[in-house]
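4 protein chains.
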Amino acid sequence: MTTTAPRKVCVVVTARPSYSRIKTALHAIDAHPELTLQLVVAGSALLERYGTAVHYIEADGFSIAARVFNVLEGENLTAQAKTTGLGIMELSSVFANLQPDVVVTVADRFETMATAIAASYMNIPLVHIQGGEVTGNIDEKVRHAITKLADRHLVASEDARQRVIRLGEVPETVVNTGCPSIDLAAAVRASPALDFDLFARYGGVGERLDLSGGYLVVMQHPVTTEYADARRHIELTLAAVASLNLPTLWFWPNVDAGSDGTSKGIRVYRERYRLPHFHFFKNMEGSDFLRVLANARCLVGNSSVGIRECAYLGVPVVNIGTRQDGRQRGPNVRDVPYDTEAIVAAIQQQVAHGLFPPSNVYGGGAAGAMIAAELARMGLSFSKRITY
Amino acid sequence: MTTTAPRKVCVVVTARPSYSRIKTALHAIDAHPELTLQLVVAGSALLERYGTAVHYIEADGFSIAARVFNVLEGENLTAQAKTTGLGIMELSSVFANLQPDVVVTVADRFETMATAIAASYMNIPLVHIQGGEVTGNIDEKVRHAITKLADRHLVASEDARQRVIRLGEVPETVVNTGCPSIDLAAAVRASPALDFDLFARYGGVGERLDLSGGYLVVMQHPVTTEYADARRHIELTLAAVASLNLPTLWFWPNVDAGSDGTSKGIRVYRERYRLPHFHFFKNMEGSDFLRVLANARCLVGNSSVGIRECAYLGVPVVNIGTRQDGRQRGPNVRDVPYDTEAIVAAIQQQVAHGLFPPSNVYGGGAAGAMIAAELARMGLSFSKRITY
Amino acid sequence: MTTTAPRKVCVVVTARPSYSRIKTALHAIDAHPELTLQLVVAGSALLERYGTAVHYIEADGFSIAARVFNVLEGENLTAQAKTTGLGIMELSSVFANLQPDVVVTVADRFETMATAIAASYMNIPLVHIQGGEVTGNIDEKVRHAITKLADRHLVASEDARQRVIRLGEVPETVVNTGCPSIDLAAAVRASPALDFDLFARYGGVGERLDLSGGYLVVMQHPVTTEYADARRHIELTLAAVASLNLPTLWFWPNVDAGSDGTSKGIRVYRERYRLPHFHFFKNMEGSDFLRVLANARCLVGNSSVGIRECAYLGVPVVNIGTRQDGRQRGPNVRDVPYDTEAIVAAIQQQVAHGLFPPSNVYGGGAAGAMIAAELARMGLSFSKRITY
Amino acid sequence: MTTTAPRKVCVVVTARPSYSRIKTALHAIDAHPELTLQLVVAGSALLERYGTAVHYIEADGFSIAARVFNVLEGENLTAQAKTTGLGIMELSSVFANLQPDVVVTVADRFETMATAIAASYMNIPLVHIQGGEVTGNIDEKVRHAITKLADRHLVASEDARQRVIRLGEVPETVVNTGCPSIDLAAAVRASPALDFDLFARYGGVGERLDLSGGYLVVMQHPVTTEYADARRHIELTLAAVASLNLPTLWFWPNVDAGSDGTSKGIRVYRERYRLPHFHFFKNMEGSDFLRVLANARCLVGNSSVGIRECAYLGVPVVNIGTRQDGRQRGPNVRDVPYDTEAIVAAIQQQVAHGLFPPSNVYGGGAAGAMIAAELARMGLSFSKRITY
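Those protein sequence lines, which keep their order, are chains P, V, Z and L. Just remember that the working numbering sits 32 ahead of the position in the first sequence, which is counted from 1. Just remember that the working numbering sits 32 ahead of the position in the second sequence, which is counted from 1. Just remember that the working numbering sits 32 ahead of the position in the third sequence, which is counted from 1. Just remember that the working numbering sits 32 ahead of the position in the fourth sequence, which is counted from 1.
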């Protein structure tokens, strides 16, 4: 009988939301006897302006194999391209040092392409988590391009599995694990009480609000292909929510071309109008955030959290604009265009409706363990051929 | 009646073979009244070690809008990744300066990914020429990933067109123009005489050979996924061809990880053995090269020229190893593994057979004009959705 | 008689304060018949977080030859090094495109080294403005290193001229033009009335203040070699100034490793304490800022404005810490350590003293014209030898 | 009594000649109980085209802490600038990983600036070896600029020590250790017999030569500021040496803008003329090379080996052109311009003269040990002030 060294699995996390989305998978990899986790933290996950996700990662007990600073500052799309180019240059050095057996890239943010290219060009087997979905901006191109670079696909829904196979991937290399973010939501659904003081724990900007009568949560990101409109779009939402006079917990957008438009829109609006029922947060630890969602009357904006976790939790969602176009939805989502009146009406209807029955469309709560098992079992090939 | 400015079409050429392959399209774009050509020359196309393709480009009458030096030197795969990262950084500056209406990227060499990412991340409509084919190495990943980043697809065969559509691209965005390299071959087929002294015109290394009794042409590139074997593979071919005692025109490989293995193999072999019937060339102007091919008894190696131009010209080909796996073939190709005896036998059979009837599988000679027409007519969208 | 084309003079501006400092030279170059200005805007001068100096530059009537985004985001010194490396890569492309006859770099910020290296490595004559001074941090290394890379030195004081010559530069290549920032101050000294509403014009954060009874101006930057202390240092100043209860106009620091410490210190302090007599500005057009200074009771902090423009204007200055160590001073400056009590005492003494007699130690108001004349007259050599 | 951890001394070697020059210092650092060597190999020292110095480094028993590929390929000065920019980006990551207490940079090749900037910007004490000398091209700017960035200076001659102090460095930080290359020459001088078969050991190109009647050694590099003339210069030397009909051992130039001109000049000349008494080598292990020099009738070209090691060995040198201008010489050097006749005459005179008496101008053979001792003893400051 021979014993082999554990597989070195290098996971690259480039942003706060990506971390939340795969946290249970990271724990499962870390705990798996046949796997060694090499966690690389890069991009906006290191930056204070975007909530320094790296602090949460360390607080969760992970040790960090390498930090990669590659965010080129600038309020334009060129900066996104250069951030990606820089990411390739830096990550290829990191991979050369760490010598991983497998590299894992998560979802479809623009800079994840850097992970995919560095790994595939260096002949390291590449695993893509959460491919096969459909949305409405540059992510759409990035996601499917990474599918074509990846050797193994761990997807979050049956719909996504079918789509990856149609893209010409060998069916045996495509596995539906569900989404690890649902693993976290499962714990929260089991015990959803909002049993901590979020103002004390997270500070933020604005007055302390009385949440006992219910509250809204808002989270709206800029849409890459609608870059120039980011500021106008956020102002429409600001006007809608401000008019409702409900206690509102507003979360800042993450880094993206146009996030300066979005951020600026929020900042200017806040300085111009008194918003005593608004409180702004930069970020929140994942399970705290889920607890906040689970108790919300409605989530407003365009976050994928509304599509995934809220489906499982049954929380009503008003989804604004094109960012989540094409993603499978549970019954909890009401879609509206960029239009203040439509947003107001939809929020009122969702608040009136209250909680929806839970949906398992994005998995049943064991995705992290399934991902780790698959990483231990999969073949380590980095060569593939389209199936047709 | 309104007159509009011509569309600015930015074509990025990163290597000598890519240039040959789209030269007639470049002329057609340059001549089209509704198009302005912005020709960017990058990568190995600028380097002396790889034949300074840029000299031929200028000699052909093109003016060059920008030169991009992005080849990072190093005998490993990391250098390919970094060359691509650097290419993104440089090309994004070039696109910001040139403000093209459309960017065109050609085929599937690893560094063409830089063009695709820079353009798509900057919301510039991206046209991919010669997607949809199938081969056996990293090109396979790169080619289909670029398809998923591109907005319009001008493919070289019906087979390729069907494959791009199956990849989820909107059928109206996929057009079979045939391959522009066949346009050049059409002129040569019409008048194939080898009416110039190639030793005087191109120098090269080795004795002047008597070609009047027929000759072989050899062109063998390293295969990315077989990087470590590059030297052994070239030695098998060297041994096979050396044993045949036929006048042999050998062309150096282009830049790739492993080309140092290939180059070194050739260099060492040449210093160890007397090879009086070999002559080595670094490169040759495209139509001269086609004329050399058209009069060859057989092309040996793994160049795509054997699959495309030689199909149209009917020249016998011995295709070695995996590099052209999965590409449609005409009847002129005989495939062999990396094996000296098999190579020898196949060459002997092909030489004995002589010229094959021509095949139009990669187009009929008007691809350049069709590409220009399509660039003038196409919609300028940079947002798309998978069809399923 | 022959006419020659005007010399192409490429000036690279990388930050707001550098622009203010050479604005009159830029106008003089632009207006000179034998010179063509190629203005490149780079680094933090393009970024909203640092006041988007590029908007002022365009409002002043300059056209911009190239924009270079090279600020790598990250709260550490590695980011400064990488920003400089990236600057070299980008600027070398810009110089290759613009083909300047001369490149001009200003002062001693870390990223100006990128301009100096790109130009000198490309054999373009390099002119350094404001070398030869002495300060107390990384600027000290950068400034003298650039002197050794530069071919011509246009310095701001006699003291600086002597020092550059002692560094082994040929005396004929070193010219004391005075500092162009004094050119602007000359106009303000002639007519110093604060005749505009700065709250209306610049917004900023905080209450509208009554300035009629006098006010303080504060401007404190982090010191590179004291990176880890940036936050503590700014808190000492905040405490000192807050205790004085004088109307205070506070200007944000520019980008530097540690500026996040400085910025955060300010932000947190502001959220914790009520500071009704503080108003925060991000930036201000140069001559407006000089007017604000000219009417201030005292400038507090570590800005070089206190050493230069305030000497000429006679404005009392409390200079804190090591950042301006070794720079020649007029009689208007009182130096204090990082110590709240010492800062408070010095401000009180300076406020009590009132305006000082003007000093010409940094020039008499015609530096811009002298710089342009020197650029037109100088030899275009890029090769030099140390004088000893 | 406390024991402290050994100091981590990170030495960056970027080229074959730099390695030879500090090899004894590396051994002494490695052996010193209070020091830990972190050896970083970068630039052309990793590349096959330039002799893969890294193989010799490993064969000498050193373990390599990091490899940095940063050579951007291209036949122009822009590539030198970009190689340096890339070097900063890569080395700053390396330093962040290795966390050295001290960084050591060697001499004055253009890319050593990358080491100097990365270290000084990251507040790591920087030691410069072999500053303070004088030469005639871009090295002159680079060398003195690095002096101004460095915190400690270990120079090779008294002349150099005086010059660094005149540059404003604190005298206590400047130590004349002599040149470590002389340490190697000391062993060779003690036992100079050419007791190995260099053709068998190093291969190379050309016939096996009979060296028993004496031979010439040639080593000529391009001069950066005379970039365009590189090919013409090498042809003058080729013509001169070819006319002498003496057995000639010719060494290829190292990487530099223009080395392609130099290399091409050699290659073309070699293909055009029969040179039966020439043998070309790419590189040679240091002490073998010194043994070859020690037995040569004359060294021809512009290598610094002629100035340093040959002074100590007493070998006659014909030094061509400007590259070594301003360096202290022993009596063994005869300087000539770029002129075939002058080169021929000088070689004939030097061959006729024979061996010169040894000179200790560049040290007496213990430089390596002195450098290690100084690295263990020096203060670890990274902040300095010019002395005047």
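Every residue gets a Cβ at the ideal spot worked out from N, C-alpha and C, and that includes glycine.
- When DSSP states are grouped into helix, strand and coil, residue 280 of chain L belongs to the strand group.
- Against chain V, the CB of residue 142 of chain P has a partner CB under 8 Å away; the residue lies at that interface.
- About 12 Å separates the beta carbon of residue 400 of chain P from that of residue 188 of chain P, a gap too long to meet the 8 Å contact definition.
- Burial state of residue 213 of chain V is buried, judged by a 10 Å Cβ sphere holding 16 or more other Cβ atoms.
- Taking CB atoms only, residue 355 of chain P has no neighbour in chain V less than 8 Å away.
- Scanning its chain for C-beta atoms nearer than 6 Å, with the 5 sequence neighbours on each side dropped, one finds around residue 197 of chain L the residues 203 and 206, in chain order.
- If you draw a straight line from the Cα of residue 173 of chain P to the Cα of residue 71 of chain P, it is about 26 Å long.
- Nearest neighbour of residue 40 of chain Z by Cα position, chosen from Z:412, Z:417, Z:420 and Z:419, turns out to be Z:412.
- Within the model, the alpha-carbon separation for residue 146 of chain P versus residue 60 of chain L is close to 42 Å.
- Under the criterion of beta carbons closer than 8 Å, residue 324 of chain L and residue 226 of chain L qualify as touching, at roughly 7 Å.
- Here residue 385 of chain L is exposed, its C-beta having fewer than 16 other C-beta atoms within 10 Å.
- Using a CB distance cut-off of 8 Å, residue 111 of chain V counts as an interface residue toward chain L.
- Unbroken alpha helix (DSSP H) stretches of 4 residues or longer found wholly inside the region 339–384 of chain V: 341–345, given in chain order.
- Closest in C-alpha terms to residue 89 of chain Z, from the list Z:122, Z:101 and Z:51, comes Z:51.
- Checking the DSSP bridge columns, you'll see residue 96 of chain Z partnered with Z:71.
- Under the Cβ distance rule, residue 122 of chain L counts among the residues neighbouring chain P, one pair being separated by less than 8 Å.
- Ranked by Cα distance from residue 229 of chain Z, the options Z:121, Z:113, Z:321 and Z:69 are led by Z:321.
- Chain order gives no chain P residues near residue 373 of chain V, where near means a beta carbon separation below 8 Å; the closest approach is about 26 Å.
- Annotation for residue 382 of chain L: 329, 330, 348, 349, 350 and 366 place their beta carbon closer than 8 Å to its own, counting only its chain and skipping 5 residues before and after.
- Under a criterion of Cβ atoms nearer than 8 Å, no residue of chain L is adjacent to residue 263 of chain Z; the nearest Cβ is some 17 Å distant.
- Among the CB atoms of chain L, one or more fall inside 8 Å of the CB of residue 103 of chain V.
- A Cβ-Cβ separation of about 12 Å leaves residue 283 of chain Z out of contact with residue 237 of chain Z under the 8 Å criterion.
- Taken atom to atom, the span from the alpha-carbon of residue 132 of chain P to that of residue 379 of chain L is near 57 Å.
- Among the CB atoms of chain Z, one or more fall inside 8 Å of the CB of residue 116 of chain L.
- In the structure shown, the three-state DSSP call for residue 238 of chain L is strand.
- Assigned with DSSP and collapsed to three states, residue 414 of chain V falls in coil, not helix or strand.
- For residue 149 of chain V, the enclosing alpha helix (DSSP H) covers residues 144–153.
- For residue 74 of chain P, no Cβ of chain V is located within less than 8 Å of the residue's own Cβ.
- Below the 8 Å Cβ cutoff, chain L contributes 78, 79, 101 and 103 as neighbours of residue 106 of chain V, in chain order.
- Residues of the same chain with a CB within less than 6 Å of the CB of residue 344 of chain V, apart from the 5 flanking positions on each side, are 214, 217 and 390 in chain order.
- In summary, residue 49 of chain V is buried, with 16 or more beta-carbon neighbours lying within 10 Å of its beta-carbon over all protein chains present.
- For residue 125 of chain V, the chain Z residues whose Cβ falls inside 7 Å of its Cβ are 122 and 125, in order along the chain.
- The bridge partners DSSP lists for residue 327 of chain Z come to none.
- A straight-line Cα-Cα distance of about 12 Å links residue 361 of chain V and residue 167 of chain V.
- Counting only the Cα atoms, residue 387 of chain P lies some 49 Å from residue 270 of chain Z.
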